[in-house]
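Structure record follows, encoded as structure tokens.
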Amino acid sequence: MDILSAPSDFIAPRAARGERFPKWLALRATAERLSPSGGMFGFAGLVGLCAFLFVYLFMEEMLLALQLWVLQLWALSSLPGGTSVTLSLTLVAGAVAGRHVVRPMTRRRRAPAPADLQRALAILHQQPNASAGLVRLGDKQVMFSSAGDAFIMYGVKGRSQIALFDPVGPKEAWHELVVAFVRHARQNGLRPVFYQVSPQFLPLAVEAGLSPLKLGEQAIVDLQSFSLAGGDWLKLRRSINRAERDGLEFSYIEPADLPAILQDLKAVSDSWLSGHQAAEKGFSLGTFCEAYLAQQSLAVIRDHGRIVAFASIMTTADQQDAFIDLMRHIPGTHRGMMDLLFARLMESLKAKGFETLNMGMAPLAGLPTHAAAPVWNHIGRHVFEHGERYYNFKGLQAFKAKFDPRWEPRYLAVAGAGLPLGSLLDVTMLIGGGLGGLFRRARA
């Protein structure tokens, strides 16, 4: 659900909860909307660069700068009414404002203190979302509620303080945490940013003066109703059966059995990185780290006994929700390999009593483009519809749709109005490890 199309009672009145956000937050947000010094012209100048850098790092695909620039200008020129931007204005405004948007900031510590990480892990065992296990990466700082029962994991890059996902812990603690997070960012001269938040977070975002923009839709499979029986699943069954006849075999590996196959997994991971000319990312993406993987179960595919693909599986302590984290395979192995991995994994989790499997997000999917939709939606929709030569957006959504998931929207919540190019650039750099990680593939 996009916030612009939400019913009028979607955002609960603050008075109904007996809570109020500090007045300074509302005043600050209002000032940002009205101030012409917030990089308004820079937004137009950097829209092509930022949007596509974001897509590149999210998909781990290197995009040729000139081709992307042309495509983005075409998308902008195709927008309705006054949203069209001319090439000359783009170049001039971008040159003038770019140095203000991307100026370097002092490097800040990203790793949490060991005691903070242990506190976060204790809270993790009491909450229902397996994806929150990304805090185990140890590359994010942690902010706790005053009661110590909830936390926000975040990183700092450039001029942005970026929270990953919704706050982790009981929803009663979210309000206090959001206020503290925004205050902390302001006090340090940073923009507060919330990345990949759910619809449940939007009322707090709006109250805090943040603007939500839709990033895409997340696929959640109901495991208890999942079954390959019936005519609707015939094509998928054929793909799986063919893979198994050709010698592919699925197995579910518990953490205790992981050390015996670590070297084989490392070979698969190295082959995948080399084949994609990619470097390890972080923040919102898992990385191949032995200590990190040792805390997770794995889904493994073998080809005549040799491991050719794997996916690490985060789970909640109550064994109800699972999340596919790090996924690697040897390129060009078998067309039905991933169908086999996902289908047999779902059957295994169902047999273990799990209720849901989070398959991750389909970027730019489901962005409404009605007359009242923000410019970001129109740009994202153009990229989704016409950007197949850069990344198979429709194909990714179609693959996940095979398993009949429910689709849940995910948002970026940022301060100010307009296109959040500075924030997107900072998110991109944080995931990719800075400019070095961003351009590593270009040098490969």
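Just so it is clear: in the sequence shown, position 194 is 176 by my numbering, and no numbers are missing. Beta carbons are placed, not taken as given, at the ideal position from N, Cα and C, and that holds for glycine. As the structure is a computational prediction, the values presented were derived from the model and not from experiment.
With respect to the 8 Å criterion, D303 and P110 are classified as neighbours on the basis of their beta carbons. DSSP places H311 outside any alpha helix (DSSP H); the residue lies instead in the beta strand (DSSP E), whose first and last residues are D303 to H311. Contact between S253 and I312 holds: their C-beta atoms lie close to 5 Å from each other, under 8 Å. The beta strand (DSSP E) runs lying completely inside the segment 220 to 295 and spanning 3 residues or more are 230 to 235 and 279 to 285, given in chain order. Boundaries of the alpha helix (DSSP H) around R326: M319 to A333. If the five residues before and after D307 are omitted, its C-beta is found closer than 6 Å to the C-beta atoms of G268, S294 and M296, all from its own chain and listed in chain order.
Taking C-beta atoms as the reference points, G318 and I222 count as a pair closer than 8 Å.
Within the DSSP secondary-structure output, A395 pairs in a beta bridge with F176 and P194. When DSSP reads this structure, P345 sits in a beta bridge with G198. In terms of CA proximity to D300, H107 leads the group D98, H107, A93 and Q206. With respect to the 8 Å criterion, K382 and M320 are not classified as neighbours on the basis of their beta carbons.
Taking 8 Å as the cut-off, the Cβ atoms of P402 and V396 count as close.
A129 has its alpha-carbon roughly 49 Å from the corresponding atom of R288. Taking a contact to require three or more Cβ pairs closer than 8 Å, the segment 324 to 339 and the segment 242 to 249 do not qualify as touching.
Three or more beta-carbon pairs separated by less than 8 Å are not found between the segment 211 to 222 and the segment 268 to 281, which leaves the two stretches without contact. Taking C-alpha positions only, K153 is separated from E189 by approximately 15 Å. Counting the other CB atoms within 10 Å of its CB gives Q169 a total below 16, which places it among the exposed residues.
Cβ atoms of D121 and G264 come within 8 Å of each other, at about 5 Å. C-alpha of R284 to C-alpha of L210: approximately 22 Å in a straight line.
C-alpha of V124 to C-alpha of H316: approximately 41 Å in a straight line. Here S207 is exposed: its Cβ has fewer than 16 other Cβ atoms, across all protein chains shown, within 10 Å. Around the beta carbon of L103, fewer than 16 other beta carbons lie within 10 angstroms, which makes this residue exposed. Under the three-state reduction of DSSP output, G140 falls in the coil class, being neither helix nor strand. Contact check for F126 against R165 fails: the beta carbons are separated by 8 Å or more. With a threshold of 16 other beta carbon atoms within 10 Å, S256 falls short and is exposed. Short of 7 Å from the beta carbon of I105, and not among the five residues preceding or following it, lie these beta carbons of its own chain, in chain order: D131, A132, F133, V150 and G151. Bridge pairing for E154: absent [DSSP]. P237 counts as exposed, since fewer than 16 other beta carbons sit within 10 angstroms of its beta carbon. Under DSSP, F133 takes part in a beta bridge, and its partners are F126 and V150.
Counting along the chain, Q100 sits inside the alpha helix (DSSP H) bounded by residues P96 to L106.
In the three-state reduction of the DSSP assignment, T351 falls in the coil class, being assigned neither a helical nor a strand state. Judged by DSSP in its simplified three-state form, N359 adopts helix.
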